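Novice: Sharing a structure here in structure tokens format.
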DNA sequence: ATCATACATTGACATTCATCAATTTGAGCA
DNA sequence: TGCTCAAATTGATGAATGTCAATGTATGAT
């Protein structure tokens, strides 16, 4: 039996607040750069990645990537943990369920780039 | 066994084009009004609804609702069929799979309002 | 033909957004 | 204490977005 993504589950008699929150998650995923970041995090070794590894993937500025990561954190899709000088971003349970729903299942891990 | 939403399935070694297309669908769903429209269509009798029934639900202008519906059509989430003076919008297969993934399954049908 | 209805389209406007360059913060190391 | 590196933040700017009022279009009825 399929394990439903409970964290994003809504009923069709959903409250306006639920619709707003779900729309906010969709909105966060609705930018190609951010969706790419999420997928790259999921594909990274240990299912976490730091900004210096994610930045070159995007072709954007470091500041811009930090900006997008913050949006994903605020949407509840990524979580940040700082170790030493590095910030590691990993998927939240909500994000994992969404990726699973989209058949973006657990990948063959991408080897980390170690750019930093 | 769960029936995976093939229409939105991507692999983690996805092409940039796939990411862009998926992000476009998320973006279309990333507006509270549009997500509300999609859910209202899904909950309507016969899984289709016309603009005059959807408009009062939103509290917005008819023109604005038409605008949002067009965006959803262009994203491949709704399809339009005109019968007489009315335009009926219904979910595409892609939209159905997404709603199913989010556990927004088939509803107890909402009775149509017949505002027009 | 005329008129009313349902919907689409246009133009305008304020707001939000994505991006960059530059600066700041903060942690480890010499 | 300085110095370096990773990341966050700020300010600015051009583009995109959501909304409305007004107009256009097409269909059916009188």
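Protein chains in written order, with our numbering: chain U, 1400 to 1515; chain L, 1400 to 1515. Built from N, CA and C at the ideal position, the CB exists for glycine as well. Remember, predicted model here, so these are calculated numbers, not experimental data.
1) Can you tell me where the alpha helix (DSSP H) with residue 1477(U) in it begins and where it stops?
2) Can you confirm whether residue 1419(L), when its beta carbon is compared against all beta carbons of chain U, has any partner nearer than 9 angstroms?
3) Taking residue 1482(L) as the reference, which of 1447(L), 1465(L), 1420(L) has the closest Cα?
4) When you compare the CB of residue 1516(L) with every CB in chain U, is at least one pair closer than 9 angstroms?
5) Let me confirm a value: residue 1462(U) is counted as buried when at least 16 other C-beta atoms fall within 10 Å, else exposed. Which label applies?
6) Figure out for me which residue from 1414(U), 1442(U), 1445(U), 1430(U) has the closest Cα to the Cα of residue 1471(U).
7) Considering Cα atoms alone, identify which of 1425(U), 1442(U), 1497(U) is closest to residue 1435(L).
8) Taking C-beta pairs closer than 8 angstroms, name the residues in chain U that residue 1430(L) reaches, listed in chain order.
9) In chain order, what residues of the same chain lie with their CB nearer than 7 angstroms to the CB of residue 1486(U), ignoring the 5 residues before and after it?
10) So with Cβ pairs under 9 angstroms, would you call residue 1489(L) a contact of chain U?
11) Less than 9 angstroms between the C-beta atoms of residue 1468(L) and residue 1490(L), yes or no?
12) In chain L, which residues lie with their C-beta within 9 angstroms of the C-beta of residue 1434(U)?
13) Just to check my reading of the structure: residue 1437(U) and residue 1474(U) have Cβ atoms closer than 8 angstroms, yes? What is that Cβ distance to the nearest angstrom?
14) Which one or two residues does DSSP pair with residue 1449(L) in a beta bridge?
15) With a Cβ-Cβ cutoff of 9 angstroms, do residue 1439(U) and residue 1417(U) count as a contact?
16) With DSSP as the reference, label residue 1443(U) as helix, strand or coil.
17) Answer yes or no: does any C-beta atom of chain U fall closer than 9 angstroms to that of residue 1415(L)?
18) Determine, using beta carbons only, whether residue 1453(U) comes closer than 9 angstroms to chain L.
19) Whose C-beta lies closer than 7 angstroms to the C-beta of residue 1432(U) among residues of the same chain, with five residues either side of it excluded?
20) Can you tell me whether residue 1463(U) is helix, strand or coil according to DSSP?
21) Assign residue 1500(L) to buried or exposed, taking buried as 16 or more other Cβ atoms, counted over all protein chains shown, within 10 Å of its Cβ.
Specialist: Answer, in terms of the structure:
1) Unbroken run through residue 1477(U) is the beta strand (DSSP E), 1477-1482; no alpha helix (DSSP H).
2) yes
3) 1447(L)
4) Nothing about residue 1516(L) can be reported from this structure: the residues present for chain L run from 1400 to 1515 only.
5) exposed
6) 1430(U)
7) 1425(U)
8) 1422, 1426
9) 1449, 1450, 1479
10) no
11) no
12) 1418, 1419, 1421, 1422, 1425
13) With 8 angstroms as the limit, residue 1437(U) and residue 1474(U) do not qualify as a contact, their Cβ atoms being about 10 angstroms apart.
14) 1487(L)
15) no
16) strand
17) yes
18) no
19) 1457, 1459, 1467
20) helix
21) buried
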